[in-house]
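Residue numbers (my numbering), protein chains in the order written: chain H, 0 to 421; chain A, -14 to 95.
By construction, the Cβ of each residue, glycine as well, lies at the ideal position given by its N, Cα and C atoms.
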């Protein structure tokens, strides 16, 4: 077929080559000389730009024993672009913190050049390694070789999704807990939920070692686990004095004192004082004066719940569910697992199809949700500290999952109830 | 696309799913199972039967949790999980079991 193939013109995609920014178009154009399907891919993309229409059609393709990990796509323009008639994406779990050896990266590239279109995305929004461009046959061949080399498929659909974390204690002095260990432990413990979808919809963990949130957990995950500390910020006044001498008092006032969200820092000549009761652990002062200030010593995590992107109730960030818990010993981890499993049980039992946990909480109310998972309400369970109390304490209503007619909203789940009766 | 069993023609889509849900019968299921490389035992049929019953009542494939619970209720708690279902249907209950039960193709997984 390649002899007859005419050159594919892509004027609209070519527009992306202009300008100062790097573009995938340049990479793919170069790559298309090696892989004909990549040229056709650009052809279809150009067609999409012209027609303002997406020509990919979703389908389902599973590697044996897995309910996810392959995002299968058929092209609706297969006659025109036969080499991308099937153009699937394989999700692969990356190492925690994305710490690779060059050997493992080469291995991954070799496998994908052999079996797929050779296009890789490190890393997709999900946190996975994305391998793009395999067909119904090569998907299985690639998966086989990936398994042989110690890789495993990531999550898709109504499943636990591949976890992602910041680099944590491996390379960052700010980290308040071992994000990479926690990521690995959670992945291994819940690998069945990751490979075999059993939830109403996706469930994502993202882990960050401190409130700088380099894992973007607040915006990207249902259950962000963020490092924090309980005691006082550690201050090295000698380093504070050195910082003030180097940058001047005005700089410190403008960039540290006045930018503290709760105004709990005062500068007294070359010394600073922090009213730790008022500190919200936002990390700003520590980021600016990272030699002089450090997180406290009593470290742990804050757990939030319900972050998600659009659909149904719009974008949300998580609500603070557990203000502080240590995460060091086996017992601490057991408490985390217990919490996760209780949430999955209640959400899995009562949520509607395709309802994220944040949407579920919005529907049934935080009071009902806390009741269902067996957590006592706490004054710190707020959307944003010191501004919007999420719940009114004296008026927490008893659980209303039964959907009494006078309740607003009346919550019921006829499908589940019917099945229970059966 | 289409398949022919005992002189009757059944229309299928590009992935081999039955186009007309009402045309389904046990012969078609056996044919589709063979095509998928699944050897149908009594346990396999129990899942397919449940899927058919559920579909007839609700006109939708059940959520996986409902399926595992129903299987657990029927066959004992140790079988009421996804692991058991994937042992029966390695291609996944959503894809393989629904296909054999003649249910519409799941729309996607994102």
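{"Check": "In or out: residue 197 of chain H buried (at least 16 other Cβ within 10 Å) or exposed?", "Outcome": "buried"}
{"Check": "Are any of the Cβ atoms in chain H nearer than 7 angstroms to that of residue 87 of chain A?", "Outcome": "no"}
{"Check": "Between the Cα of residue 88 of chain A and the Cα atoms of A:75, A:67, A:42 and A:59, which residue gives the shortest distance?", "Outcome": "A:42"}
{"Check": "Under the DSSP definition of a beta bridge, which residues are partnered with residue 271 of chain H?", "Outcome": "H:266"}
{"Check": "Could you give the C-beta distance for residue 14 of chain A and residue 82 of chain A, rounded to a whole number, given that I count them as a contact under 8 angstroms?", "Outcome": "Between residue 82 of chain A and residue 14 of chain A the Cβ distance is about 10 angstroms, and since that is not below 8 angstroms, they are no contact."}
{"Check": "Would you tell me roughly how many angstroms separate the C-alpha atoms of residue 404 of chain H and residue 320 of chain H, rounded to the nearest one?", "Outcome": "Unreliable placement is indicated for residue 404 of chain H, whose pLDDT of 48 sits below 50; no coordinate value is reported for it."}
{"Check": "Is there a Cβ from chain A that is less than 7 angstroms from the Cβ of residue 352 of chain H?", "Outcome": "yes"}
{"Check": "Taking only three categories from DSSP, how would you classify residue 201 of chain H?", "Outcome": "coil"}
{"Check": "Please name the residue, chosen from H:199, H:281 and H:128, that lies closest to residue 48 of chain A on a Cα-to-Cα basis.", "Outcome": "H:199"}
{"Check": "If we ignore side chains and look at the alpha-carbon of each, how far apart do residue 139 of chain H and residue 124 of chain H end up?", "Outcome": "24 angstroms"}
{"Check": "Just to confirm, is the Cβ distance from residue 99 of chain H to residue 159 of chain H under 7 angstroms?", "Outcome": "no"}
{"Check": "In angstroms, rounded to a whole number, what distance separates the CA positions of residue 370 of chain H and residue 363 of chain H?", "Outcome": "11 angstroms"}
{"Check": "Distance, Cα to Cα, residue 127 of chain H vs residue 270 of chain H?", "Outcome": "46 angstroms"}
{"Check": "What are the residues in the segment 43 to 63 of chain H lying within 7 angstroms of chain B by C-beta distance?", "Outcome": "The chain labelled as chain B is not found among the protein chains of the depicted structure, namely H and A."}
{"Check": "Measure the C-alpha to C-alpha separation of residue 398 of chain H and residue 191 of chain H and round it to an integer number of angstroms.", "Outcome": "Caution applies to residue 398 of chain H, whose pLDDT of 49 falls short of 50 and renders its modelled position unreliable; the value that the coordinates give is listed next. Cα to Cα, the separation comes out at about 31 angstroms."}
{"Check": "I want to verify the contact list: residues of chain A whose CB lies under 8 angstroms from the CB of residue 199 of chain H, in sequence order.", "Outcome": "48 and 50"}
{"Check": "Answer yes or no: does any C-beta atom of chain H fall closer than 7 angstroms to that of residue -11 of chain A?", "Outcome": "no"}
{"Check": "Using a cut-off of 9 angstroms between C-beta atoms, extract the partners of residue 196 of chain H located in chain A.", "Outcome": "49, 67, 77, 79 and 94"}
{"Check": "Do the segment 317 to 332 of chain H and the segment 292 to 301 of chain H make contact, defined as three or more Cβ pairs closer than 8 angstroms?", "Outcome": "yes"}
{"Check": "By the 10 Å Cβ neighbour count, where 16 or more other Cβ atoms means buried, how is residue 315 of chain H classified, buried or exposed?", "Outcome": "buried"}
{"Check": "Taking just the CA atoms, how far does residue 352 of chain H sit from residue 117 of chain H?", "Outcome": "35 angstroms"}
{"Check": "Would you mind telling me which residues of chain A sit closer than 8 angstroms to residue 347 of chain H, beta carbon to beta carbon, in chain order?", "Outcome": "50"}
{"Check": "Per DSSP, residue 285 of chain H forms a beta bridge with which residues?", "Outcome": "Residue 285 of chain H pairs with nothing; no bridge assigned."}
{"Check": "Nearest-angstrom Cα distance between residue 395 of chain H and residue 380 of chain H?", "Outcome": "Any reading at residue 395 of chain H is ruled out, since the residue's pLDDT is 47, under 50, leaving its predicted position unreliable."}
{"Check": "Keeping to the same chain, check which residues put their C-beta closer than 6 angstroms to that of residue 256 of chain H; ignore five residues upstream and five downstream.", "Outcome": "264 and 266"}
{"Check": "Residue 191 of chain H touches chain A at which residues, Cβ-Cβ below 7 angstroms?", "Outcome": "67 and 68"}
{"Check": "Suppose contacts are defined by Cβ-Cβ distances below 7 angstroms. Is residue 153 of chain H in contact with residue 90 of chain H by that definition?", "Outcome": "yes"}
{"Check": "Which of the residues in the segment 66 to 83 of chain H, read from start to end, lie with their CB under 7 angstroms from any CB of chain A?", "Outcome": "66, 67 and 70"}
{"Check": "In terms of alpha-carbon separation, which member of H:151, H:7 and H:88 lies closest to residue 133 of chain H?", "Outcome": "H:88"}
{"Check": "Check the Cβ of residue 90 of chain A against every Cβ in chain H and list those closer than 8 angstroms, keeping chain order.", "Outcome": "58 and 59"}
{"Check": "Quick one: list the residues of chain H neighbouring residue 0 of chain A, beta-carbon separation under 7 angstroms, in chain order.", "Outcome": "58"}
{"Check": "Kindly indicate which three-state DSSP category residue 78 of chain A falls into: helix, strand or coil?", "Outcome": "helix"}
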